[in-house]
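**Q**
2 protein chains.
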Amino acid sequence: MSTRQRVRPGGRSARVQASVHTAVRELLEERGREALTVPLVAQRAGVTPSTIYRRWGTLQELLSDVAVERLRPDTAPEDHGDLRSDLTAWAEQFLDEMTSASGRAYIRDALLGDPDGDNAGQCSAYAAEQINVILARAADRGEHGPDVETVMDRIVAPMMYRILFRPAGLDAAYARRLVTELFGGRGKGGQ
Amino acid sequence: MSTRQRVRPGGRSARVQASVHTAVRELLEERGREALTVPLVAQRAGVTPSTIYRRWGTLQELLSDVAVERLRPDTAPEDHGDLRSDLTAWAEQFLDEMTSASGRAYIRDALLGDPDGDNAGQCSAYAAEQINVILARAADRGEHGPDVETVMDRIVAPMMYRILFRPAGLDAAYARRLVTELFGGRGKGGQ
DNA sequence: AGCCTAAAGCACAGTCCTTGCGTTAGCGGT
DNA sequence: ACCGCTAACGCAAGGACTGTGCTTTAGGCT
Numbered sequence: 242m243s244t245r246q247r248v249r250p251g252g253r254s255a256r257v258q259a260s261v262h263t264a265v266r267e268l269l270e271e272r273g274r275e276a277l278t279v280p281l282v283a284q285r286a287g288v289t290p291s292t293i294y295r296r297w298g299t300l301q302e303l304l305s306d307v308a309v310e311r312l313r314p315d316t317a318p319e320d321h322g323d324l325r326s327d328l329t330a331w332a333e334q335f336l337d338e339m340t341s342a343s344g345r346a347y348i349r350d351a352l353l354g355d356p357d358g359d360n361a362g363q364c365s366a367y368a369a370e371q372i373n374v375i376l377a378r379a380a381d382r383g384e385h386g387p388d389v390e391t392v393m394d395r396i397v398a399p400m401m402y403r404i405l406f407r408p409a410g411l412d413a414a415y416a417r418r419l420v421t422e423l424f425g426g427r428g429k430g431g432q
Numbered sequence: 242m243s244t245r246q247r248v249r250p251g252g253r254s255a256r257v258q259a260s261v262h263t264a265v266r267e268l269l270e271e272r273g274r275e276a277l278t279v280p281l282v283a284q285r286a287g288v289t290p291s292t293i294y295r296r297w298g299t300l301q302e303l304l305s306d307v308a309v310e311r312l313r314p315d316t317a318p319e320d321h322g323d324l325r326s327d328l329t330a331w332a333e334q335f336l337d338e339m340t341s342a343s344g345r346a347y348i349r350d351a352l353l354g355d356p357d358g359d360n361a362g363q364c365s366a367y368a369a370e371q372i373n374v375i376l377a378r379a380a381d382r383g384e385h386g387p388d389v390e391t392v393m394d395r396i397v398a399p400m401m402y403r404i405l406f407r408p409a410g411l412d413a414a415y416a417r418r419l420v421t422e423l424f425g426g427r428g429k430g431g432q
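In order, the protein sequence lines correspond to chains A and B.
Sequential numbering from 242 applies to the first sequence in our numbering.
Sequential numbering from 242 applies to the second sequence in our numbering.
#1: Taking all protein chains shown into account, do 16 or more other C-beta atoms lie within 10 angstroms of the C-beta of A:P318, making it buried, or fewer, making it exposed?
#2: Does A:G383 come out as helix, strand or coil in the three-state DSSP assignment?
#3: Considering only their Cβ atoms, is the gap separating B:P387 from B:L352 smaller than 9 Å?
#4: Can you tell me the Cα-Cα spacing of B:D357 and B:T299, whole angstroms?
#5: Any beta carbon from chain A within less than 9 Å of B:A377's own beta carbon?
#6: What residues in the stretch 378 to 408 of chain A bring their beta carbon closer than 8 Å to a beta carbon of chain B?
#7: How close, in whole Å, do the beta carbons of B:I375 and B:D337 come, if the pair is a contact with beta carbons under 8 Å?
#8: Cβ of A:E302 less than 9 Å from any chain B Cβ?
#9: Identify which residue in A:L304, A:E270 and A:S260 has its Cα closest to the Cα of A:Q284.
#10: I need the DSSP call for A:A409, collapsed to helix, strand or coil.
#11: Taking the CB atoms as reference points, tell me whether B:A369 and B:M393 lie closer together than 9 Å.
#12: In three-state DSSP terms, what is B:V288?
#13: Whole angstroms are fine: how far does the CA of A:R272 sit from the CA of A:D306?
#14: Exposed or buried, what is A:E302 when buried is set at 16 or more other beta-carbons lying within 10 Å of its beta-carbon?
#15: Could you tell me whether any Cβ in chain B is nearer than 9 Å to the Cβ of A:A283?
#16: Return the first residue and the last residue of the alpha helix (DSSP H) that A:H344 is part of.
#17: Tell me the residue span of the alpha helix (DSSP H) that contains A:H434.
#18: Report the three-state DSSP secondary structure of A:T421 (helix, strand or coil).
#19: Taking Cβ positions only, does A:S291 come closer than 9 Å to chain B?
#20: For B:P399, is the classification buried or exposed, using 16 other Cβ atoms within 10 angstroms of its Cβ as the cut-off for buried?
#21: Would you decide whether B:V329 is buried or exposed? Buried here means 16 or more other CB atoms lie within 10 Å of its CB.
#22: For a contact defined as C-beta to C-beta under 9 Å, what are the partners of A:R349 on chain B?
#23: Let me see if you follow: with CB-CB separation under 9 Å, is B:A413 close to chain A or not?
#24: From A:A342, A:D381 and A:I372, pick the residue whose C-alpha is nearest to that of A:T316; which is it?
#25: Quick check: the Cα distance between B:E267 and B:G362, rounded to an integer number of angstroms?
#26: Shortest alpha-carbon distance to B:T391 belongs to which of A:H321, A:D412 and A:L419?
#27: Hey, out of B:A276, B:D323 and B:S291, whose CA is closest to B:D381's CA?
#28: What's the C-alpha gap between A:Q258 and A:A276?
#29: What residues of chain B sit near A:G358, judged by a beta carbon separation below 9 Å?
#30: Can you find a C-beta in chain A that's less than 9 Å from the C-beta of B:S365?
#31: Taking only beta-carbon atoms, is A:L336 less than 9 Å away from chain B?
#32: If the criterion is Cβ atoms closer than 9 Å, does the pair B:R417 and B:E333 meet it?
#33: Skipping 5 residues on each side, what residues in its chain have a beta carbon closer than 7 Å to that of B:A346?
#34: Please name the residue, chosen from B:A379, B:G287, B:T340 and B:V397, that lies closest to B:R253 on a Cα-to-Cα basis.
#35: Considering only residues of the same chain and omitting the five flanking positions on each side of B:R403, which have a CB-CB separation below 8 Å?
#36: Helix, strand or coil: how does DSSP classify A:R313 here?
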């Protein structure tokens, strides 16, 4: 079962979903994730727990839904005039947002309550979308650069891997280094 | 609180931990993850639920512990005579193991019940260890290749990212391609 | 305007979580 | 080798959470 909700806007369902999502975000900030329970969220949202159980099934699936919504980029990547600057700026901002405690928590939540990998795929699609915008702009300028898959492999994947598995010592310099190495910086590879 | 157990071997604690871990692995295979509950594991392991709650706190932290134990490589990477072959073989095997349904489940469990990122770091350390063995062997042969961090960024991270976020269409060819590109294959990067 | 369906509320039963207290195993000291 | 001491386990009970059958309501559709 996909957890993403497809409710028509304006109806009661939409109101319930919105108020539940809001309740989750508020309670996450106020009391932290450990303190969250379905009944607590239900009370804050002004619904009964059974409503949440029926629509989301599990607290984790609900959290996953909220997380994906929160991880959706709300703005197009900034235009700095050339591909490399755009990628660098985007990577720095991405890493900065995702490295924060709440950012990591959202990523983990998105991965967590996600039986069929649907929500995780959505997160990846968001990043790919942003990168596509950057690459398309570069193509319009006449620059020719890597394709999306390469950027995902060389920039996004390493950042995400470290965020998830080795969160210590991550900073903007790492993001810049990845971009530099992608652009033919002296990669240490090769034999 | 770190969930990793530091019990002395031979004592009662060690016996309890072993029987609980075994119970988890057995029940995971028999009934699947959804059916797992703390009381169920406790019954199979021959302990009381409160013991599990006290030592692990949560089913997820327990699962995380078991997952990390299971993700530990039990054998040194094969020696194929040269660095590139070693890396390719290792990457193929790694991807194959991790792409399986149970492999992905273990990875997610390891990430999941892991408040301070301790278990996730351990997983990453396992991979780094294996790669270090491969690189050390290459150095002994007189080959000079990339350093560990580069291999983590270029091989491990992309595979893990796709396993977690885009599990569709992953195969050995992808692993080979990553190694090829690392070894100066025509990377599509650069402007 | 009225029907009809999907979703929410209500209530209750079953399970799980959590903790206080007593007991025990086994480590360390003499 | 014995004995005290501490950390860990078992037991039991209270409270909270999960999940479901049935009823009610909102709002889309003709």
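Where a beta carbon is used, it is the ideal one built from N, C-alpha and C, also for glycine.
**A** So, from the data block:
#1: By one-based count along the first sequence, residue 318 of chain A stands at place 77. The residue in question, A:P318, is buried, as its Cβ has 16 or more Cβ neighbours within 10 Å.
#2: Position 142 of the first sequence holds residue 383 of chain A. Correct three-state label for A:G383: coil.
#3: By one-based count along the second sequence, residue 352 of chain B stands at place 111. By one-based count along the second sequence, residue 387 of chain B stands at place 146. Taking 9 Å as the Cβ cut-off, B:L352 and B:P387 do not qualify as a contacting pair.
#4: Taking the second sequence and counting its residues from 1, the one referred to as residue 357 of chain B is at position 116. Taking the second sequence and counting its residues from 1, the one referred to as residue 299 of chain B is at position 58. Rounded to whole angstroms, B:D357 to B:T299 spans 14 Å at the Cα level.
#5: Residue mapping note: residue 377 of chain B aligns to position 136 of the second sequence, counting from 1. No, B:A377 lies away from the interface with chain A (no Cβ there is under 9 Å from its Cβ).
#6: E384, H385, G386, P387, D388, T391, M393, D394, R395, V397, A398, P399, M401, Y402, R403, L405, F406, R407 and P408
#7: Translated into positions along the second sequence, residue 375 of chain B becomes position 134. Translated into positions along the second sequence, residue 337 of chain B becomes position 96. Not a contact, Cβ separation roughly 17 Å.
#8: Stepping through the first sequence from its first residue, residue 302 of chain A is reached at position 61. No, its Cβ sits nowhere closer than 9 Å to a Cβ of chain B.
#9: Sequence index remark: in the first sequence, residue 284 of chain A carries index 43 (1-based). Selected option, being the one with the closest Cα: A:S260.
#10: Mapped onto the first sequence, residue 409 of chain A falls at position 168. Coil at A:A409, not helix or strand.
#11: Here residue 369 of chain B is taken as the residue at index 128 of the second sequence, counted from 1. Here residue 393 of chain B is taken as the residue at index 152 of the second sequence, counted from 1. In contact: B:A369 and B:M393 (Cβ atoms closer than 9 Å).
#12: For the purposes of this step, residue 288 of chain B is taken as residue 47 along the second sequence, with counting starting at 1. Of the three classes helix, strand and coil, the one that applies to B:V288 here is coil, per DSSP.
#13: Reading the first sequence from its first residue, position 65 is the one you call residue 306 of chain A. Reading the first sequence from its first residue, position 31 is the one you call residue 272 of chain A. Whole-angstrom Cα-Cα distance: 19 Å.
#14: Position 61 of the first sequence, counted from the first residue, corresponds to residue 302 of chain A. So A:E302 ends up on the buried side.
#15: By one-based count along the first sequence, residue 283 of chain A stands at place 42. No, because no Cβ of chain B sits closer than 9 Å to the Cβ of A:A283.
#16: Start at 1 with the first residue of the first sequence, and residue 344 of chain A comes out as number 103. Here the sequence assigns Gly to residue 344 of chain A, which means His is not the residue at that position. Segment A342 to L353, the alpha helix (DSSP H) holding A:G344.
#17: The question about residue 434 of chain A has no answer, for chain A in this structure spans 242 to 432.
#18: Within the first sequence, the letter at position 180 stands for residue 421 of chain A. Correct three-state label for A:T421: helix.
#19: As a first step, residue 291 of chain A is located in the first sequence; it is residue number 50 there, counting from the start. Cβ-Cβ to chain B under 9 Å: no for A:S291.
#20: If you number the second sequence from 1, residue 399 of chain B lands on position 158. B:P399 should be labelled buried.
#21: Within the second sequence, numbered from 1, the residue matching residue 329 of chain B stands at position 88. The sequence given here places Thr at residue 329 of chain B; Val does not occur at that position. By the 10 Å Cβ count, B:T329 comes out buried.
#22: Counting from 1 along the first sequence, the entry for residue 349 of chain A is found at position 108. Correct list: L352, L353 and D355.
#23: Taking the first residue of the second sequence as position 1, residue 413 of chain B is located at position 172. It does not; no Cβ of chain A falls within 9 Å.
#24: Within the first sequence, numbered from 1, the residue matching residue 316 of chain A stands at position 75. Of the listed residues, the one whose Cα sits closest to A:T316 is A:I372.
#25: By one-based count along the second sequence, residue 267 of chain B stands at place 26. By one-based count along the second sequence, residue 362 of chain B stands at place 121. B:E267 and B:G362: Cα-Cα distance of roughly 26 Å.
#26: As a position in the second sequence, residue 391 of chain B is number 150, starting the count at 1. Comparing Cα positions, the closest option is A:L419.
#27: Walking along the second sequence from the start, residue 381 of chain B turns up at place 140. Answer by Cα proximity: B:D323.
#28: Within the first sequence, numbered from 1, the residue matching residue 258 of chain A stands at position 17. Within the first sequence, numbered from 1, the residue matching residue 276 of chain A stands at position 35. A:Q258 and A:A276: Cα-Cα distance of roughly 21 Å.
#29: Residue 358 of chain A sits at position 117 when you count from the first residue of the first sequence. What A:G358 touches in chain B: R345, L405, F406, R407, P408 and A409.
#30: Taking the first residue of the second sequence as position 1, residue 365 of chain B is located at position 124. It does; some Cβ of chain A falls within 9 Å.
#31: Translated into the one-based positions of the first sequence, residue 336 of chain A becomes position 95. For A:L336, the answer is no, since every Cβ of chain B falls outside 9 Å of its Cβ.
#32: Translated into positions along the second sequence, residue 417 of chain B becomes position 176. Translated into positions along the second sequence, residue 333 of chain B becomes position 92. It is a contact, given that the beta carbons lie within the stated cut-off.
#33: Against the second sequence, residue 346 of chain B aligns to sequence position 105. Excluding positions up to five away in sequence, the list reads R274.
#34: Stepping through the second sequence from its first residue, residue 253 of chain B is reached at position 12. Ranking the options by Cα distance to B:R253, first place goes to B:G287.
#35: Locating residue 403 of chain B in the second sequence gives position 162, counting from the first residue. Around B:R403: L411 and Y415.
#36: Residue mapping note: residue 313 of chain A aligns to position 72 of the first sequence, counting from 1. It is coil, neither helix nor strand.
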